[in-house]
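Novice:
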Amino acid sequence: MRDLSADAFLRYLSLNTGTVRAQDDLLSIMEAAQRHGISVISPWRDQVAAVGLDRVVAAVRDGGFSLSGYCRGGLFPADAAHRAEVRDDNRRAVDEAAALGAPCLVMVVGGLPHLSRPGSAPSTDIALSRTQVADGIAELLDYARAADMPLALEPLHPMMAPERSCLCTLRQALDLCDAIDPERSGGLGIALDVYHVWWDFEVMPQIERMGADRMLAFHVCDWLVPTTSVLSGRGMMGDGIIEIRKLRGAVEALGFDGACEVEVLSDDWWARPLDEVLSVMVERYRTAC
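Take the sequence shown: its position 35, counted from the start at 1, is 35 in full-length UniProt numbering, and no numbers get skipped.
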């Protein structure tokens, strides 16, 4: 297991830029990251769109940045009137990720159609949502493989099933990978976020089942007790109850050598100064991850 406390150059630390999305635009966030010695990021599509893809591509190149992922594609469930829009939007996400040099496109697959895609007809058929997710990923995978862009399925906490993801456990995500890509021919895997899987009694054997070839991204933060919001009440590493090192040890035992991507979506941390958040994040990376 890697000793992050000795990682003087922060080689294995990635800033998911959603962690400081409220403080400034993406280009300013990248400048702040450089001040703190952070050279790996995972930006969100809306942040890229706000300043322009070409400007971000140039900033990544000129600033010597690399990416640990790109957030996000998915949200597949939709009524018939919106399915072409979903397909086209996900293909654009693949193209953007490729332009930025991301190693994977993180997929938040979506929940009920009208909650995932505004304007879709109301539905409570979550089984249909799962079918649409499987069909959508299978179709997108061909396009993504042509662009050499792996798709990283991110299972989310079950409380996010209605709006964000009917894929709620690592077992579900791996079952879907095996159904779509039984030969493990590449291009489809997992983004494992400790916030979403820490509670799952099957998570350790499912990590072992996953294997190195399906392990594409590793996200860290903490679960606060009490939590004020499942969406925006995350804690900084070390402030909650997740066994982060145990989970990191399990994925590194597979051979995973990628970044620890810090994704703290938090009303509390969004209200703090940008440099304060990054300073604490670096310290907790070394002491709590």
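The C-beta atom is built at its ideal place from N, Cα and C for all residues, glycine as well.
Any idea what DSSP makes of E261, helix, strand or coil?
Specialist: Reduced to three states, the DSSP call for E261 is strand.
Novice: For R72, name the three-state secondary structure that DSSP assigns.
Specialist: strand
Novice: Taking 7 angstroms as the CB-CB cut-off, is G186 touching chain C?
Specialist: Among the protein chains of the structure shown there is no chain C, as only one such chain exists.
Novice: Around the C-beta of P113, are 16 or more other C-beta atoms found within 10 angstroms, so that it is buried, or is it exposed?
Specialist: buried
Novice: So, at 8 angstroms on beta carbons, what are the nonlocal neighbours of R91 in its own chain, with the 5 sequence-adjacent residues on each side left out?
Specialist: L140, Y143
Novice: For L176, which residues in the same chain have their Cβ closer than 8 angstroms to its Cβ, ignoring the five residues on either side in sequence?
Specialist: V133, A134, I137, L153, L167
Novice: Is there contact here, the segment 228–235 with the segment 196–208, by at least three beta-carbon pairs under 8 angstroms?
Specialist: no
Novice: Tell me the rounded alpha-carbon separation between R117 and L151.
Specialist: 20 angstroms
Novice: Could you tell me whether the segment 252–263 touches the segment 7–24, where touching means 3 or more Cβ pairs closer than 8 angstroms?
Specialist: yes
Novice: Shortest alpha-carbon distance to G111 belongs to which of G74, A102, W44?
Specialist: G74
Novice: Mapping the DSSP letters down to three states, classify W223 as helix, strand or coil.
Specialist: coil
Novice: Would you kindly work out how many angstroms separate the C-alpha atoms of V51 and D25, rounded to a whole number?
Specialist: 7 angstroms
Novice: Give the DSSP-derived three-state secondary structure of V106 in the structure shown.
Specialist: strand
Novice: Work out the CA separation of D267 and A78 for me, nearest whole Å.
Specialist: 29 angstroms
Novice: What residue does the beta strand (DSSP E) around G193 start on, and which one ends it?
Specialist: A small correction: the amino acid at residue 193 is Asp; Gly does not occupy that position in the sequence shown. Per DSSP, D193 belongs to the beta strand (DSSP E) from 188–193.
Novice: The beta strand (DSSP E) that contains residue 292, what's its start and end?
Specialist: No information on residue 292 is available, as it lies outside the stretch 1 to 289 that the chain covers here.
Novice: Cutting at 7 angstroms between CB atoms, please list the residues of its own chain near G100, excluding the five before and the five after it.
Specialist: Correcting the residue type first, residue 100 is Leu in the shown sequence and not Gly. Here the set comprises V56, V57, V60, L67, Y70.
Novice: How many Å lie between D54 and E202 at the Cα?
Specialist: Using only the alpha carbons, I get a separation of about 42 angstroms.
Novice: Is L115 near P162, with beta carbons less than 7 angstroms apart?
Specialist: Yes, Cβ-Cβ distance for L115 and P162 is below 7 angstroms.
Novice: Within the same chain, show all residues whose beta-carbon is closer than 6 angstroms to that of M1, passing over the 5 residues directly before and after it, in chain order.
Specialist: G249, E252
Novice: Compare the Cα-Cα distances from D222 to each of R284, S120, A97, T124 and report the closest residue.
Specialist: With distances taken between Cα atoms, D222 lies closest to R284.
Novice: Between the Cα of V48 and the Cα atoms of M30, G64, D62, G37, which residue gives the shortest distance?
Specialist: Residue nearest to V48 within the set M30, G64, D62, G37 is M30 (criterion: CA-CA distance).
Novice: In three-state DSSP terms, what is W270?
Specialist: helix
Novice: Need the endpoints of the beta strand (DSSP E) that V40 sits in, please.
Specialist: Unbroken beta strand (DSSP E) run through V40: 40–42.
Novice: Can A127 and L274 be called in contact, C-beta distance under 7 angstroms?
Specialist: no
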